[in-house]
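Per the UniProt record's numbering, residue 1 is the first one in the sequence shown, and the count goes up by one each step.
Cβ coordinates follow ideal geometry from the N, Cα and C atoms, glycine included.
Okay, structure first, notes after.
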Amino acid sequence: MKCPRNIVLLICDFLKERKVSLYDANKGHHRNYQRGCPQVSISGPVLWNIIANIALNITLPQNVSIQAYADDFVLLATGSGRHTIDKALSFVTQELKKWSFHVKLKFDPKKSFHLGIAKTNTRSIRPRCKLYGQPIRVSKLSKMNLQGEVLKSLYKRAIERKILYACGAWWTKTARMRNKISQIQRIALLRITECFRTVTTVALQILDGCPPIDILAEKEYIIFKLKAGYKTVECFSEIFSARDFDFEKGLDIHPALLKLLYWHKGLPNMIGYTIFTDGSKLNGHVGAAFCVFSDEKLSLERKYRLSDNASVYQAELVALREILYWLFSNSEIDPVEIYSDCESAIVSITDVCQVKI
């Protein structure tokens, strides 16, 4: 593998003399641990590839090949009859059992599948494969248990995004274009719902819960035009304005010129101006507030009402924002200490790489 010796020794040291410990109030329990990779380690997949490579180098019959994907193995066997394939697979499974025993692993027969494919459509006797004395389940479908929800997820994340890719440039709103992309969507919906081909496209969209693809294309087109600088866009007799949407903008100043904010944990000393902020949610209502103390005396108190759909985190941010607005309008106040009990809000506003929520 041409790996430096110091790295090899380091990995070997990780894998030697490992123990699992469980402590209770009185004593601890320790057990030797010989399987798995070091916790919180990115070396796990690499170590597995090294172990799996041993299985891939097993001597196989001419009519059998083996492939690996992640932590799964695939055996491909061909033959003129059931007896030939049974004999070849029986030999390979025995070799894999030896390998698994050597690396202290075990295959799960319940998670293993056997798929028989014939050259013709005629009914034939499928080979029977066993693992640890248990027969491997036969899968009658070539899609390998891809149910409707899985297919729908694949459609939403892959096929739909591929159809709508760059539609802001090619979408023309014509009837021909709408029919074309609807035909592409119909193919996927038929596979998801497993309905007859006589079912209409509209019915398939309702059964599967997928919006019409032309409406999604229209939505992408509107967003593209608003981002491109159009102030208003009309769609289905509705006028959309760019002011109604929030788009991510670049930094107004160079990152090197940004002023970093620092904070620390501690208790208030109540010297000068001390400000406390808080956001809370009670009985389904959300609010934010801040109060200003001047030498341990309460001098100002403000409360703000937020939407019931807002989170406590958003309320904490609103409280911090309002106190900053107040300080900007009262610049003569100095020195000032601001205290908040929401560390996540403080970290988010002091982070240079801000992400809009």
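In the structure shown, Glu17 falls within a coil segment according to DSSP collapsed to helix, strand and coil. The region 327-356 contains, as complete beta strand (DSSP E) runs of 3+ residues, the segments 336-340 (chain order). In this chain, the beta strand (DSSP E) harbouring Gly279 covers Tyr273 to Leu282.
With a cutoff of 8 angstroms on beta-carbon distance, Ile213 and Phe240 are scored as not near each other.
Unbroken beta strand (DSSP E) stretches of 3 residues or longer found wholly inside the region 209-268: 232-235 and 238-241, given in chain order. Close CB contacts of Ala345 within its chain, under the 7 angstroms cut and outside five residues either way in sequence, are with Tyr313, Glu316, Leu317 and Leu320 (chain order). Under the DSSP assignment, Asp72 falls outside any alpha helix (DSSP H), being part of the beta strand (DSSP E) whose first and last residues are Asp72 to Ala77. DSSP places Glu95 in the uninterrupted alpha helix (DSSP H) bounded by Arg82 to His102. Between Gly287 and Tyr273, the gap from beta carbon to beta carbon reaches 8 angstroms or more. A check of alpha carbon separations from Leu258 across Tyr339, Asp351, Thr201 and Ser43 identifies Asp351 as the nearest. Membership of Glu160 in any beta strand (DSSP E) is not indicated; the residue belongs instead to the alpha helix (DSSP H) covering Glu160 to Ile163. Per DSSP, Lys297 is one residue of the beta strand (DSSP E) stretching across Lys297 to Leu306. For the pair Phe224 and Gly168, the CB atoms are nearer than the 8 angstroms cut-off. Taking 8 angstroms as the upper bound for CB-CB distance, Leu164 and Ile192 are not in contact here, some 18 angstroms apart.
Excluding five sequence positions before and after Ser307, the CB atoms of its chain that fall closer than 8 angstroms to its own CB belong to Val286, given in chain order.
Around the C-beta of Trp170, fewer than 16 other C-beta atoms lie within 10 Å, and the residue is accordingly described as exposed. According to the DSSP assignment, Asn32 belongs to the beta strand (DSSP E) that extends over Gly28 to Tyr33.
Boundaries of the beta strand (DSSP E) harbouring Cys291: His285 to Ser294, taken from the DSSP string.
Assigned with DSSP and collapsed to three states, Leu105 falls in coil, not helix or strand. CA-to-CA, the gap between Gln185 and Glu194 works out to about 14 angstroms. The Cβ neighbour count for Asp341, taken over all protein chains shown within 10 Å, is under 16; the residue is labelled exposed. Between Ala217 and the set Thr174, Leu207, Glu296 and Lys87, the nearest pair of CA atoms involves Thr174. Looking at the backbone, the Cα of Asp72 and that of Ser90 are separated by about 18 angstroms. For Ile349, the closest of Gly44, Leu260 and Leu298 by C-alpha to C-alpha distance is Leu260. Taking a cut-off of 8 angstroms for Cβ pairs, the region 57-75 and the region 87-103 touch, as three or more such pairs fall below it. Spanning the alpha carbons of Lys19 and Ile7 requires a straight line of approximately 22 angstroms. Straight through space, the alpha carbons of Glu332 and Phe276 are spaced by roughly 19 angstroms.
Judged by their CB atoms, Leu131 and Ser112 are nearer to each other than the 8 angstroms cut-off. The three-state reading of DSSP puts Val199 in coil, since its state is none of H, G, I, E or B. Taking the C-beta atoms as reference points, Phe290 is found nearer than 8 angstroms to Ile323.
In this structure, Ala52 places its C-beta atom within 8 angstroms of the C-beta atom of Ala68. Going by C-alpha positions, Leu9 is about 24 angstroms away from Asn57. With respect to Ala188, Ile159 sits close: the two C-beta atoms are nearer than 8 angstroms.
The residues Ser21 and Leu22, in chain order, have a CB closer than 8 angstroms to that of Gly28 in the same chain once the five nearest residues on each side in sequence are set aside.
The three-state reading of DSSP puts Lys110 in helix, counting H, G and I together.
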